[in-house]
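Residue numbers (my numbering): 739 to 912. Read through the structure below, which is laid out as structure tokens, and then see the notes.
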């Protein structure tokens, strides 16, 4: 099973502000949908609450320390191991092979930090703008990106649908 992180961030590593993403990039939303649909997704409680509901077409797994937490149409777990076991059982139920099986870690910052050591792939959307925020992606220093190699990078210039330059990248752990 491949563990992949999917993240959008500003050039200052901001991924959130007061429970919200501080930008609205429709093309990034489409990319997120296409990369996560049909796959198990793992998120923290705060991310789930900011989204407000289970994302359709995916197995929603919420990782929280709160043993009493419940969420409609979601599987609630309390450990990394529990999250991965739940994701694996979802993949096995769909009879996917190991090569085609992928679990998507969708945030937030604490969850990214927990899964980063085990991740083999990062799907990154970089918005070339600094944003005000209170939540940051855990990889900031250049040295922390060592060991990751870009395999599929493309850019989108600002246009009438979105005012900021974007970079979409797929990074593989080497």
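Quick reminder that beta carbons are idealized off the backbone N, C-alpha and C, glycines included.
Beta-carbon proximity of residue i to residue j, cut-off 8 Å
i           : j           : result
residue 899 : residue 764 : yes
residue 874 : residue 857 : no
residue 904 : residue 889 : no
residue 893 : residue 773 : no
residue 780 : residue 795 : no
residue 818 : residue 778 : no
residue 926 : residue 790 : A question about residue 926 goes unanswered here, because the residues of the chain that appear run from 739 up to 912.
Cβ-based burial, residue i [other Cβ within 10 Å; buried from 16]
i           : result
residue 810 : exposed
residue 770 : buried
residue 840 : buried
residue 748 : buried
residue 821 : buried
residue 808 : exposed
residue 859 : buried
residue 897 : exposed
Assumed close pair residue i, residue j - CB separation to whole angstroms, cut-off 8 Å
i           : j           : result
residue 801 : residue 815 : 6 Å
residue 752 : residue 853 : Between residue 853 and residue 752 the Cβ distance is about 20 Å, and since that is not below 8 Å, they are no contact.
residue 883 : residue 911 : Actually they are not in contact, since the Cβ atoms of residue 883 and residue 911 sit about 11 Å apart, beyond 8 Å.
residue 739 : residue 826 : 6 Å
Own chain residues within Cβ distance below 8 Å of residue i, not counting five before or after
i           : result
residue 757 : 784, 787, 788
residue 813 : 797, 798, 799, 800, 824
residue 805 : 816
residue 761 : 746, 748, 865, 867, 869, 902
Counterpart residues of residue i in DSSP-defined beta bridges
i           : result
residue 883 : In the DSSP output, where bridge partners are listed per residue, residue 883 has none listed.
residue 748 : 865
residue 893 : 905
residue 801 : 782, 815
residue 900 : 897
residue 766 : Its beta-bridge partners do not exist; DSSP assigns none.
Same chain only: Cβ atoms within 6 Å of residue i, ignoring 5 sequence neighbours per side
i           : result
residue 872 : 755
residue 855 : none
residue 907 : 862, 888, 891
residue 878 : 751
residue 705 : Here the chain covers residues 739 to 912 and nothing more, so residue 705 does not appear.
7 Å Cβ shell around residue i - same chain, five flanking residues per side excluded
i           : result
residue 850 : 743, 745, 843, 875, 876
residue 803 : 816
residue 867 : 748, 749, 902
residue 948 : One cannot answer for residue 948 here, as it falls past the ends of the chain, which runs 739 to 912.
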